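**Q** Here it is, the structure, as structure tokens.
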Amino acid sequence: MKKTNAKEDKKAQEAALAAKLAEEKLKAVWRKNVNDQIELPEKLPAYAPTGKLKIDAMKYSDLLGITTHPLFSKKPFPNNSVPTSTIVIPEDPTAKKEDEKKEEPEPTVFAAHSTEIDRGTLRALQLALPASKVNTLRFINCALSVPAIETVCKMCASGTISTLQLEWNPLSTEQESVFAKLISDTKLQHLSLRGNRIGNSLCQALADALKTNKTLKSIDLWSNDITDEGLAVLSSMLLDNKTLLSLSVGRNRITENGVSSLLSQVGLIKMSEQELQSYRERERLLAEVQKKPVKGKKQTMEFEIAPLEPTEDVDGHLFWARNHTLLHINLSYNLITDASYIADRILLSRSLSRVVLIGNPLTEASQTALSSLSETHTDIAEKLILLPPARVVCEEPAALDVAECVSAQA
4 MKKTNAKEDK KAQEAALAAK LAEEKLKAVW RKNVNDQIEL PEKLPAYAPT GKLKIDAMKY
64 SDLLGITTHP LFSKKPFPNN SVPTSTIVIP EDPTAKKEDE KKEEPEPTVF AAHSTEIDRG
124 TLRALQLALP ASKVNTLRFI NCALSVPAIE TVCKMCASGT ISTLQLEWNP LSTEQESVFA
184 KLISDTKLQH LSLRGNRIGN SLCQALADAL KTNKTLKSID LWSNDITDEG LAVLSSMLLD
244 NKTLLSLSVG RNRITENGVS SLLSQVGLIK MSEQELQSYR ERERLLAEVQ KKPVKGKKQT
304 MEFEIAPLEP TEDVDGHLFW ARNHTLLHIN LSYNLITDAS YIADRILLSR SLSRVVLIGN
364 PLTEASQTAL SSLSETHTDI AEKLILLPPA RVVCEEPAAL DVAECVSAQA
């Protein structure tokens, strides 16, 4: 009986050990929702980061008590690490020492493509980023939730991250306002929101954020179902924003009407006779207020008279002085049929150096007009891009070179 009990106890211990090993093995493999039920600690034990992103992120994952995401795992050893050749080549000890000194530089880009990322993994990344050399984050088709995007927003708040690509990550209309926080609550210089289906509903929030932003240099809104109405709302920010250099609204549903709203905020806009009369009248009233203030009425009159907008005199004609900062506009693959107005605006803009219209259904009349205009104005030919760049065709190797290779092998 004692031997039987001992055998049973041993089997039970082995079964328990096997179950424990299986549980640990299962825990060590990251999978969807594996970290969702884990409550992340607010305080962590002291840890001195190495400056190497993956190593630090793995360590922070351990400290947080979560399963490490494959994004942070080390690269596997190559399959051909064992030499298959039987020829032994003597090694140069000097060369070996030089190779040992060489280290792969730390990456400046952290990229996640088509993989889900849980909140614990994002927290580990957030803790590891400050000591790393990473300045660019890419989350493409990662299905990030609103809390996850808010965490990304915190990563970009310090200024160490200059570029963020958060692409193909659509949210519901009620949730998409979080995208505007990536402008208002960060110090990013370049932001790409491609393929997020923001439509016209978010354009006002984006415009409001861009009006006060002082760091963003480029924003990419490619393929977001934006129409003329949305572009008109978004364009309003150009009167206040003086830092944005590049705006991409390619592959949307924009026509020449939307482009007119956009370009009316750029460069010099000639006043109509009615606008000129109204401007001169406001100019006169403000001069009277400043010269002879009326007691008790000065404050009221100043509020009733709109402040004068910036203007510029060109050859005796008064122009509205709009945005002179924007350099590049990408309007490719939209619904624009007439580009004559765009050409006129380029001539009256000091800043615009490139307007891309590749893939738009321009009419033959519009193309003919642009061609004739390009002949007289070199600016139009250089700044208005209608065709994609020509592909480079690789030349076939000469017969002599092939013959030399064959003879060398022989």
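Under my numbering, residues 4 to 413 are what the sequence shown spells out, in order.
Glycine included, C-beta positions come from ideal geometry on N, C-alpha and C.
Note that the coordinates shown come from a computational prediction; the quantities given were computed from them, not determined experimentally.
Can you look up L250 in the DSSP assignment and give me helix, strand or coil?
**A** Correct three-state label for L250: strand.
**Q** Pairs of beta-carbons, one from the region 60-78 and one from the region 35-44, closer than 8 Å: are there three or more?
**A** Judged by Cβ distances under 8 Å, the region 60-78 makes contact with the region 35-44, as three or more pairs qualify.
**Q** For Q16, which of helix, strand or coil comes out of DSSP?
**A** Q16: helix per DSSP, three-state reduction.
**Q** Do you know offhand how far S354's Cα is from E259's?
**A** So the two alpha carbons sit approximately 21 Å from each other.
**Q** Looking only at C-alpha atoms, which of L194, I58, P391, E367 sits nearest to L219?
**A** Looking at the Cα atoms, L194 is the closest of the given residues.
**Q** Can you tell me where the alpha helix (DSSP H) holding E207 begins and where it ends?
**A** The identity of residue 207 in the sequence shown is Gln, whereas the question assumes Glu. Q207 -> alpha helix (DSSP H) spans 206-215.
**Q** When you compare only the Cα positions, how much space is there between I361 and I388?
**A** Distance between the alpha carbons of I361 and I388 is about 7 Å.
**Q** For N216, I'd like the list of residues in its chain whose CB is within less than 6 Å of its CB, leaving aside the five on either flank, ordered along the chain.
**A** Cβ within range, chain order: I186.
**Q** So, helix, strand or coil for N363, using DSSP?
**A** The answer is coil: DSSP assigns N363 none of H, G, I, E or B.
**Q** To the nearest angstrom, report how far apart I229 and S175 are at their CA atoms.
**A** So the alpha carbons of these two residues sit roughly 15 Å apart.
**Q** On the criterion of 16 or more Cβ atoms from any shown chain inside 10 Å, does S76 qualify as buried, or is it exposed?
**A** Exposed is the call here.
**Q** Can you check DSSP and say which residues form a bridge with R256?
**A** Paired residue(s): T230.
**Q** For Q168, name the three-state secondary structure that DSSP assigns.
**A** It is a strand residue.
**Q** Which residue from R200, T246, E109 puts its Cα closest to that of E177?
**A** When only C-alpha atoms are compared, the closest one is R200.
**Q** Check D188 in the structure and name its three-state DSSP category.
**A** Coil, per DSSP.
**Q** Using the rule of at least 16 other Cβ atoms within 10 Å of the residue's Cβ for burial, across every protein chain shown, is G233 buried or exposed?
**A** The residue is buried, with at least 16 neighbouring Cβ atoms inside 10 Å.
**Q** Going by Cα to Cα distance, which pick from I257, V292, R287, K245 is closest to G270?
**A** Nearest option by C-alpha distance: K245.
**Q** Here's the rule: buried if 16 or more other CB atoms are within 10 angstroms of the residue's CB, otherwise exposed. What is A15?
**A** Label assigned to A15: exposed.
**Q** Could you tell me the distance, in whole angstroms, from the CA atom of V85 to the CA atom of I58?
**A** Residue placement at V85 is poorly supported in this model, since its pLDDT is 38, which falls under 50; the coordinates still yield a value, given next. One C-alpha to the other measures close to 26 Å.
**Q** Give the secondary structure of R197 by DSSP, where H, G and I count as helix, E and B as strand, and everything else as coil.
**A** Coil, per DSSP.
**Q** At which residues does the alpha helix (DSSP H) containing T381 begin and terminate?
**A** Start and end: 381-386.
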